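Let me begin by presenting the structure, written as structure tokens, before commenting on it.
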Amino acid sequence: MSVLLIAEHNNKEVKPFTLNAITAASQIDQDLHVLLIGSKADDVAKSLSEVPIVKKVLQIDHEIYENYIAENYTAAILKHADKYSHIICSANTFGKNLMPRVAALLDISQVSDIIKVISPDTFLRPIYAGNAFATVKSNDKKKCVTIRPTSFEAAETTGGTAEIEKIDAADQTENTKFINREEIKSDRPELGTARVVISGGRGLQSGENFKLITDVADKLNAAIGASRAAVDAGYITNEHQVGQTGKVVVPDLYIAVGISGAIQHLAGMKESKVIVAINKDGEAPIFSVADYGLEADLFEALPQFLEELNKLNTIQK
Amino acid sequence: MKILVAVKRVIDYNVQIRVKEDGSGVVTDNVKMSTNPPDDNAIEEAVKIKESGKATEIIAVTVGEEKAQETVRKALAVGADRGIHVKIDSTVEPLAVSKILKKIVEKENPDLVFMGKQAIDDDCNQTGQMLAAHLNWPQATFASKIEVNDKSLQVTREVDEGLETIEVNIPAIITCDLRLNEPRYASLPNIMKAKKKPIEQINASDLGVDTNPRIEHIKIEEPPKRKAGIKVASVEELVQKLKNEAKVI
């Protein structure tokens, strides 16, 4: 049997995490079909068909799918779920909202947020905010699985020529209406996918002082993160929060400034490839996960850091 | 309007998790347990709605072993009116919990069901959505703002792109984000009063629900440890290391 991956998109383009989920899905079974539920989303269908590891794109195109409503998506998925051994999507707010609704109606115990495919029925997933890893085996006949996107490489996006098959829409729910979406616009890379993240904590002492962080972020083309303490203190808005209750990030470089390293923050960043901690308290727990620790007053260290960066001939972007 | 709030007892979020040496789970003996943090937000929101005059009764429900009652008792101390404890000693997966909660909803006929968006132990993020599916009710997950109207709710949801607002007709299921509100502490007099509020105990086995696990936990292990890092003496050294050793800038 084939596996069915549910694509996330905005009717114009595929969302990046879908490409990571495609990679994971192809590790479960190479006969990978992608289900695209949207409205006037032919461009998305085309770009999905060009992903080399995708074998087929199933496209449902109807105006009721202009906005993503889990109830409507679920009905559409259930209509076509029969032929598949696995139903898969990314474990971001899109997939977390959607998949359990599908799983419940198929009477399947979902496997959430996997970070590794061990075999088609056995997966590795973090529990307790990544403080333990569980190897789990699903004994349901059919499986519903969500993928932690940052644990899988994004699939190649060019060279493929998968067939696009148009299939039927399902009924629309009367009970849920989309009102609006306020997307946070920024010239910076998105926190969840940035190559470099620099985060500030309570040590910054005020919102104005985040300027020190912003200046370095500009230089490194980094996304800006924050600890829960900094968010709670009102220094910065909550979409910047990294941690168990915020975003989980896995950048190549994570710079934690004035962050002590509470368990809940570490859960959101400790899988980063290289971690730098700048903190004046040498005993701060953040140093236990840092590759490079600098025990210093951030108000002196950050301007110096920027100065040293300015001296470099080239900086990776 | 009647609101049912589901709460779960988990290891306190400040406790450093320790994995058992035999790989069978994490250490829970003599470990501080608390209410799952976003479940506190769910209770708080229900209490605020009742205080505004839009709800008449709040029922707190939990599914779990004998001690899980503590979370219901805590909910009673911050404003829930009565409690239900569905007793089961074995581990229950979200799918089974959602089926149990469906039975409770059918018995109590609430207009709204609130719960936290995710439990911080298994990190599944499933129960609310599954309950909504079983009942064929609308769902509003990751709620950071709720406006109650006569027949519907406007819910602002925390999504990856920012904030999304949807309208759901009542009855509905809402899963709560930590940003929804600031949960209150129970006052001592209210803790005393809560001791007199009723908690109905129901055996899960009497509900006719299949609670057998479908997922086998083969092994629980510690995550790979990071290699110990170094302390650098100066900003200059830090930049040189990042450039020439780690090669990340």
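Residue numbers (the numbering used here), protein chains in the order written: chain A, 27 to 343; chain B, 126 to 374. Glycine residues also receive a C-beta, built at the ideal position from the N, C-alpha and C atoms. On a predicted model such as this, the values are computed, not experimentally measured, just so you know.
Closest Cα partner of residue i within the set the options
i               : options                           : result
P349 of chain B : A:S298, A:S138, A:D307 and A:G272 : A:S298
E170 of chain B : B:K224, B:T216, B:V140 and B:N306 : B:N306
A200 of chain B : B:G333, B:P323, B:I142 and B:P338 : B:P323
N157 of chain A : B:Q251, B:D247, B:V197 and B:H259 : B:D247
S177 of chain B : B:G204, B:T153, B:N155 and B:G189 : B:G204
N336 of chain A : A:T161, A:V223 and A:D241         : A:D241
M158 of chain B : B:V140, B:G148 and B:E146         : B:V140
E347 of chain B : B:K145, B:D285, B:T187 and B:P162 : B:K145
N37 of chain A  : A:L31, A:Q53 and A:E89            : A:E89
G287 of chain B : A:P175, A:E216, A:T184 and A:E189 : A:E216
A319 of chain B : B:N161, B:T160, B:D206 and B:I142 : B:D206
I128 of chain B : B:A371, B:T300, B:A353 and B:Q243 : B:T300
R174 of chain A : A:Q342, A:S138, A:I193 and A:E182 : A:S138
S225 of chain A : A:V275, A:E92 and A:I205          : A:V275
S116 of chain A : A:I205, A:I141, A:F313 and A:S73  : A:I141
I121 of chain A : A:Q136, A:T340, A:L132 and A:A107 : Ile is not the amino acid found at residue 121 of chain A; the sequence shown has Gly there. Ranking the options by Cα distance to G121 of chain A, first place goes to A:Q136.
K352 of chain B : A:I301, A:V268, A:D213 and A:G294 : A:I301
A316 of chain A : A:A327, A:T184, A:I281 and A:G294 : A:I281
Bounding residues of the beta strand (DSSP E) (the contiguous stretch that carries residue i)
i               : result
Y99 of chain A  : From DSSP, Y99 of chain A is part of no beta strand (DSSP E) but of the alpha helix (DSSP H) over A96 to H106.
E289 of chain B : G287 to N294
K163 of chain A : A158 to S164
A282 of chain A : L279 to V283
P152 of chain A : T148 to I153
I134 of chain A : No beta strand (DSSP E) contains I134 of chain A, which DSSP labels as neither H nor E.
D87 of chain A  : K82 to D87
N305 of chain A : V300 to N305
K318 of chain B : Here K318 of chain B belongs to no beta strand (DSSP E); instead the alpha helix (DSSP H) covers L313 to A319.
E309 of chain A : From DSSP, E309 of chain A is part of no beta strand (DSSP E); its letter is neither H nor E.
Whole-angstrom distance between residue j and residue i, CA atom to CA atom
i               : j               : result
D331 of chain B : V211 of chain B : 10 Å
L150 of chain A : R207 of chain A : 34 Å
K296 of chain A : I239 of chain A : 20 Å
Q270 of chain A : H291 of chain A : 6 Å
R228 of chain A : A155 of chain A : 22 Å
E231 of chain B : I174 of chain B : 22 Å
A243 of chain A : N305 of chain A : 18 Å
Q279 of chain B : S269 of chain B : 11 Å
K41 of chain A  : P146 of chain A : 25 Å
E289 of chain B : R254 of chain A : 22 Å
S164 of chain A : P126 of chain A : 15 Å
L30 of chain A  : T187 of chain A : 18 Å
V171 of chain A : C249 of chain B : 11 Å
A130 of chain A : A258 of chain B : 6 Å
L246 of chain A : K109 of chain A : 47 Å
I343 of chain B : I144 of chain A : 12 Å
T160 of chain B : K133 of chain B : 6 Å
E283 of chain B : E272 of chain B : 15 Å
L332 of chain A : A220 of chain A : 19 Å
I210 of chain A : I316 of chain B : 42 Å
K82 of chain A  : S75 of chain A  : 7 Å
Y318 of chain A : L279 of chain A : 11 Å
H266 of chain A : A303 of chain A : 18 Å
G208 of chain B : I134 of chain A : 29 Å
M27 of chain A  : I113 of chain A : 11 Å
I225 of chain B : A310 of chain A : 44 Å
A102 of chain A : A196 of chain A : 5 Å
Run of the alpha helix (DSSP H) containing residue i, from where it starts to where it stops
i               : result
K199 of chain B : Q194 to A202
F43 of chain A  : P42 to I54
L305 of chain B : L305 of chain B -> no alpha helix (DSSP H), and no H or E assigned at all.
T119 of chain A : T119 to L131
N328 of chain B : Premise fails: N328 of chain B lies in the beta strand (DSSP E), I324 to N328, not in any alpha helix (DSSP H).
Q330 of chain A : L324 to K337
E361 of chain B : V360 to Q365
N369 of chain B : It is not in any alpha helix (DSSP H) - N369 of chain B carries neither H nor E in the DSSP assignment.
S75 of chain A  : D68 to S75
A293 of chain A : I289 to M295
Residue i: CB within 8 Å of a non-hydrogen atom of the ligand ZN
i              : result
V70 of chain A : As presented, the structure is devoid of all ligands, the ligand ZN included, so that no description of it is given.
Return the residues of the stretch 70 to 94 of chain A that lie within a Cβ-Cβ distance of less than 8 Å from chain E, sorted by chain order. Going by chain labels, chain E is absent from the structure shown, which instead holds the protein chains A and B.
Could you tell me whether the stretch 179 to 192 of chain B touches the stretch 92 to 112 of chain A, where touching means 3 or more Cβ pairs closer than 8 Å? no
Please specify which runs of the alpha helix (DSSP H), each continuous and at least 4 residues long, are wholly inside the stretch 224 to 263 of chain B, giving them in chain order. 252 to 260
Enumerated in chain order, which unbroken segments of the alpha helix (DSSP H) with a length of 4 residues or greater are wholly contained in the stretch 202 to 256 of chain A? 236 to 246
The stretch 260 to 268 of chain A in contact with the stretch 224 to 242 of chain A per 3-pair CB rule at 8 Å: yes
Do three or more CB pairs link the stretch 151 to 161 of chain B to the stretch 253 to 272 of chain B at distances below 8 Å? no
Restricting to runs no shorter than 4 residues, where is the alpha helix (DSSP H) found entirely within the stretch 138 to 207 of chain B? 162 to 176 and 194 to 202
So does the stretch 194 to 213 of chain A actually touch the stretch 272 to 286 of chain A, counting three or more Cβ pairs closer than 8 Å? no
Touch check for the stretch 309 to 323 of chain B and the stretch 189 to 196 of chain B: three-plus C-beta pairs under 8 Å? no
Segment contact, 8 Å Cβ cut-off, at least three pairs: the stretch 325 to 344 of chain B with the stretch 164 to 184 of chain A: yes
Does the pairing of the stretch 322 to 339 of chain A with the stretch 227 to 241 of chain B give three or more beta-carbon distances under 8 Å? no
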